[in-house]
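Colleague:
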Amino acid sequence: MIDRLEPVDLASWRARWSLDHFGSLARAIVGQQIATRAAAAIFGRLQAFIGDRDPASAIAGASDTELRGIGLSGNKAASLRDLAARTLDGRLELDRLGDLSDEEAHQQLTAVRGIGSWTAEMFLLGQLGRPDILPAGDLGIRRAVQQAYDLEKMPSEGEVRRLSEAWRPHRSLATAYLYSSLGSPSPARR
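For the sequence shown, the tail end lands on 294 under our numbering, and the numbers increase by one without skipping.
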């Protein structure tokens, strides 16, 4: 597949993660299960609401009415509040995530309400620039592996994980190539 495709510049591919860690996670929560345009509009309103204040403190201190007025569902507001609370009390060590192992960082991230394995893996890949991350449950990755290996049916997450063992320690680069093979530089949600 690499021979068929144009070279992938990982730095450019990761450039869409230009927010700080808190902002990147907040944007991921806001964007779950809604159209990209709607997510961008709601996240823009959230950023305007926060203004110059500390984002975690602003969200923790916001009323339900304020968060709902921004366009957040009750579940997303609760997830953002959990992200804020864990950031403020140190259970989520945003400043130290880069020093933790992939597994330790993944555990801290998925302990936050509304952050599952896919979001954690995409954060490790894009925001932290980890070299050996493959979101094996991602529909786009599974489809790309099916095409690359000429498989009759789409592989399961477990099958993709087994195949990807051969790509260690460069699974992040493999991820970029797999997405590129689909003609899309960005990941597809499950």
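Heads up, the beta-carbon is just placed ideally off N, CA and C, and yes, glycines get one too.
1. Compute the Euclidean distance between the alpha carbons of Arg-294 and Pro-159, then round it to the nearest angstrom.
2. Measuring alpha carbon to alpha carbon, tell me which residue in Ile-133, Thr-169, Gly-262, Arg-246 is nearest Phe-227.
3. What residue range does the alpha helix (DSSP H) around Tyr-283 cover?
4. To the nearest angstrom, how far is the alpha carbon of His-210 from that of Thr-191?
5. Can you find the residues in the same chain that come closer than 7 Å, C-beta to C-beta, to Arg-234, ignoring five residues on each side of it along the sequence?
6. Measuring straight from C-alpha to C-alpha, what distance separates Gln-251 and Gly-127?
7. Classify Ile-138 as helix, strand or coil using the three-state DSSP reduction.
8. Just confirm the distance between the C-beta atoms of Gly-217 and Ala-182, as a whole number of angstroms; I'd bet it's less than 8 Å.
9. I'd like the span of the alpha helix (DSSP H) that includes Glu-207, first residue to last.
10. Helix, strand or coil: how does DSSP classify Ala-240 here?
11. What does the alpha-carbon distance come out to for the pair Ile-219 and Gly-287?
12. Look at the alpha carbon of Ser-177 and the alpha carbon of Arg-131, and state the distance between them as a whole number of angstroms.
13. Classify His-274 as buried or exposed, calling it buried when 16 or more other Cβ atoms lie within 10 Å of its own Cβ.
Modeller: With the given structure in hand:
1. Residue placement at Arg-294 is poorly supported in this model, since its pLDDT is 44, which falls under 50; the coordinates are not used for a value here.
2. Taking only the C-alpha atoms, the option nearest Phe-227 is Ile-133.
3. Counting along the chain, Tyr-283 sits inside the alpha helix (DSSP H) bounded by residues 275-285.
4. Rounded to whole angstroms, His-210 to Thr-191 spans 15 Å at the Cα level.
5. Answer for Arg-234: Asp-206, Leu-228, Ser-276, listed in chain order.
6. Straight-line Cα distance between these residues: approximately 34 Å.
7. The answer is coil: DSSP assigns Ile-138 none of H, G, I, E or B.
8. The question names Gly, but residue 217 in the sequence shown is Arg. Indeed they touch by this definition, with Cβ atoms about 6 Å apart.
9. That run of the alpha helix (DSSP H) goes 206-214.
10. Three-state result, Ala-240: coil.
11. In a straight line, the C-alpha of Ile-219 is about 27 Å away from that of Gly-287.
12. About 14 Å.
13. The residue is exposed, with fewer than 16 neighbouring Cβ atoms inside 10 Å.
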